[in-house]
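Written out below as structure tokens is the structure these notes cover.
Residue numbers (this note's numbering): 630 to 848.
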């Protein structure tokens, strides 16, 4: 191979960027946020990302989980999903969190996971992670926006870059119009009232796109 061919080939090699690495991390008691996580995975993969779907560690006693039929069914459905670790966060260029609301805040299971990341934070390994979040509640004004904001507050301390969906696509209005992140209302029988699949996939694609901008700018 001649000099110019080698130079041109090297240039092309340098231009080729690795796929964005996305961790979709959820906590789900009734299955809703697990479903949101799977839709996010689909949207992100369609955008070319490498994706890991992960759950946070359950803290509730096993007897309580097994005593609730919906909770028990969700635990069974997600039994093979890996538990998120600090190594997963370090691996990821971007993170999408999906959690239900608990009194206008994130669940304790997710909070503990975040609280355990002091080592990553102290070593600067949370800086410039691109993050976005989704949530659910049993009524439209049950703390959905406050839950997302509580999670984003932690992300600001991390030095992460928040990629909220805003009103970047009309599909967001069809899903309730939450600019902080996709949120869905769930009925007493555990069924989603809102049609949010397209909004979740758009949010995932947007997160991947922003992460591409960040990673390319870092090269």
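Where a beta carbon is used, it is the ideal one built from N, C-alpha and C, also for glycine.
- In the DSSP assignment, residue 699 falls within the alpha helix (DSSP H) that extends over 698 to 706.
- By the Cβ criterion, the region 756 to 773 is in contact with the region 806 to 824, since at least three pairs of Cβ atoms, one from each stretch, lie closer than 8 Å.
- Under the three-pair Cβ rule at 8 Å, the region 763 to 783 does not count as touching the region 713 to 722.
- Taking a contact as a CB-CB distance under 8 Å, the pair residue 659 and residue 806 does not count as one, their CB atoms being some 23 Å apart.
- Pairing residue 745 with residue 780, the inter-Cα distance amounts to about 14 Å.
- Look at the region 684 to 753 and you find these whole runs of beta strand (DSSP E), each 3 residues long or longer: 723 to 729.
- Sixteen is the threshold: since fewer than 16 other Cβ atoms of the shown chains lie within 10 Å of the Cβ of residue 785, the residue is exposed.
- Between residue 675 and residue 834, the gap from beta carbon to beta carbon is short of 8 Å.
- Taking 8 Å as the cut-off, the Cβ atoms of residue 783 and residue 748 do not count as close.
- For the pair residue 654 and residue 685, the CB atoms are nearer than the 8 Å cut-off.
- Using a Cβ distance threshold of 8 Å, residue 737 and residue 662 do not count as a contacting pair.
- Beta bridge pairing from DSSP links residue 651 with 680 and 723.
- Around the CB of residue 777, 16 or more other CB atoms lie within 10 Å, so the residue is classed as buried.
- Judged by DSSP in its simplified three-state form, residue 658 adopts coil rather than helix or strand.
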